[in-house]
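Taking this note's numbering, the leading residue of the sequence shown gets 11, the next gets one more, and so forth.
Yeah, the Cβ is synthetic: ideal placement off N, Cα and C, and Gly gets one too.
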Amino acid sequence: MIQVFAPWYDEREVNAVAEVIRSGWVGLGPKTAEFERKFAEYCQVPYCVGFNSCTAALDMAMRLIGVNHGDEVIVPTNTFVSTAHCVAYNLGTPIFADINECTLDLDIDDVARKIGPRTKAIIAVHYGGRPVDMDRLKSVAGNIPIIEDCAHAAGARYKGRPVGGLGVLGCFSFHAVKNLAMGEGGALTLRDEKLMQRAKRLRWLGIDKGTWDRTGMDRSYWWEYQVDEIGLKSHLNDIHAAIGLVQLAKLDESNARRREIVAMYREGFKDVPQIRMPPPDDEVFQSSWHFCEILAERRDELSVFLKEHGINTGVHYKPIHLYRCYGNRPVLPVAERLFPRMLTLPIYPGLSKANVEYVIATVKKFYAR
């Protein structure tokens with residue numbers, strides 16, 4: 011069975027994990043600190059704070075900018091539910107914006123219509139790995155802070171700059187199927203030292219010093235610490251960070267392979283009118299190609315046909331405003347019209363050329379019936 015996603019692991023990850031286990035220190039410690047430093051350098055920002063998920067990083071972002079009861083945060087409806095849930099966790103109200111007809115990401119014109127006196131922030135999701143038009147969004151947002159949801163976008167670039175440093179805060183996912191796959195993990199990228207220090211406290215229950223900081227390299231443990239505000243236990247650990255360090259070293263190579271796969275799909279479907287491919291990269295937008303979301307006629311029938319022929323597919327995403335947990339549904343016509351056609355094709359570095367060609371041939375076979 012050809013999967014939709016798969017991590018790209020080899021002996022380097024195995025050896026990295028073994029090294030951490032042999033060290034006797036597997037929690038929040040030196041490997042986490044090393045990953046934070048190197049990932050901050052990669053994103054061209056001063057600071058990175060590691061978390062156990064992107065959801066935790068998004069939740070922290072909302073807390074750092076002060077989202078609370080009565081505040082509104084504009085989010086695209088075409089994203090994973092974490093993007094909206096993080097607003098609700100902090101007692102704010104997610105205001106759903108429609109999506110762009112071409113890119114399937116945030117419709118900036120709709121964002122402009124939905125900005126109001128209670129708008130506390132805007133979350134820009136780099137959908138599928140393609141960066142949002144950040145300059146245009148900033149011109150609409152004015153002084154409203156923009157949070158980058160980079161869950162799909164490790165390694166993506168906007169006008170030559172890495173995502174994660176284009177807004178006030180950047181939130182990354184290192185889930186098992188992401189481009190940088192730790193198994194579980196996330197990160198917050200930022201430029202403000204005080205926010206960084208607060209995030210590090212709050213990810214460790216509000217405690218001002220982590221266990222590694224209180225123990226030190228000589229392992230002489232000191233028990234005393236202070237707690238000034240209530241936080242959660244949401245930090246990254248050294249096992250996942252060790253995997254992340256190997257994955258970070260492979261990230262550009264991994265993303266290059268994804269681009270090759272998308273190019274094969276684009277060439278293979280150029281004469282298939284029932285398929286619309288996502289827009290290609292250019293000098294402004296360089297996607298990480300976490301996924302390749304096509305628009306396909308008779309999507310559900312095609313998905314079943316592919317499954318019967320050994321090919322798994324996905325859908326990213328059902329519009330969040332259609333879920334019952336968010337109550338009253340706004341009218342978002344573009345998302346509602348395009349959702350029934352959205353289909354995610356297999357894409358991951360280990361996907362062979364022969365398998366990509368088989369996917370293309372099977373899709374063509376379906377439409378030729």
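Shortest alpha-carbon distance to residue i belongs to which of the options?
| i | options | result |
| --- | --- | --- |
| V294 | D117, P172, Y19, G34 | P172 |
| N110 | R276, R140, K48, A66 | R140 |
| V325 | R308, D310, T354, C302 | T354 |
| H185 | F15, R47, F45, Q236 | F15 |
| T199 | T42, P56, V27 | P56 |
| F106 | W214, C96, D20, N88 | N88 |
| L190 | S298, G278, G170, R276 | S298 |
| N62 | L74, E46, I75 | E46 |
What is the DSSP secondary structure of residue i, counted as helix, strand or coil?
| i | result |
| --- | --- |
| T372 | helix |
| K317 | helix |
| T65 | helix |
| M352 | strand |
| K243 | strand |
| C302 | strand |
| G360 | coil |
| K280 | coil |
| K210 | helix |
| T42 | helix |
| G126 | coil |
| V121 | helix |
| M227 | Annotation note: pLDDT 49 at M227 (below 50); position unreliable, no value reported. |
| R308 | coil |
| G254 | helix |
| T22 | A small correction: the amino acid at residue 22 is Arg; Thr does not occupy that position in the sequence shown. Here R22 sits in helix by DSSP. |
| I217 | strand |
Measuring only the C-alpha atoms, how far is residue i from residue j?
| i | j | result |
| --- | --- | --- |
| L114 | D238 | 42 Å |
| I157 | V142 | 11 Å |
| G254 | Y358 | 17 Å |
| Y327 | V91 | 9 Å |
| D69 | N322 | 32 Å |
| V314 | D248 | 41 Å |
| D262 | G165 | 7 Å |
| R224 | E234 | Unreliable placement is indicated for R224, whose pLDDT of 49 sits below 50; the coordinate value is still reported in the next sentence. Near 8 Å, if we compare the C-alpha coordinates of E234 and R224. |
| L348 | L305 | 7 Å |
| D108 | C64 | 23 Å |
| A364 | I12 | 11 Å |
| F182 | Y137 | 12 Å |
| G203 | L258 | Checking the sequence, you will find Glu at residue 203 rather than Gly. Going from the Cα of E203 to the Cα of L258 covers about 24 Å. |
| L205 | V178 | 10 Å |
| G39 | S244 | 14 Å |
| G175 | H319 | 42 Å |
| R309 | A43 | 45 Å |
| A209 | M274 | 42 Å |
| P356 | K219 | 43 Å |
| E307 | L332 | 21 Å |
| A122 | P104 | 15 Å |
| I84 | R32 | 46 Å |
| Q284 | F49 | 40 Å |
| V27 | A66 | 23 Å |
Exposed or buried, residue i, counting other C-beta atoms within 10 Å across all chains shown (16 or more means buried)?
| i | result |
| --- | --- |
| R379 | exposed |
| D281 | exposed |
| Y52 | buried |
| L316 | buried |
| M227 | With a pLDDT of only 49 at M227, under 50, the local geometry of the prediction cannot be trusted, and the value read off the model is given with reservation. So M227 ends up on the exposed side. |
| S149 | exposed |
| C335 | exposed |
| V24 | exposed |
| R211 | buried |
Could you tell me which residues DSSP pairs with residue i in its beta bridges?
| i | result |
| --- | --- |
| H185 | G193 |
| D159 | V135, C181 |
| F106 | V85 |
| Y168 | R171, F295 |
| V59 | L198 |
| G116 | The identity of residue 116 in the sequence shown is Leu, whereas the question assumes Gly. Answer is I109. |
| R286 | L305 |
Check whether the Cβ of residue i lies closer than 7 Å to any Cβ atom in chain D.
| i | result |
| --- | --- |
| P289 | Reference to chain D is not applicable here, since this structure consists of a single protein chain. |
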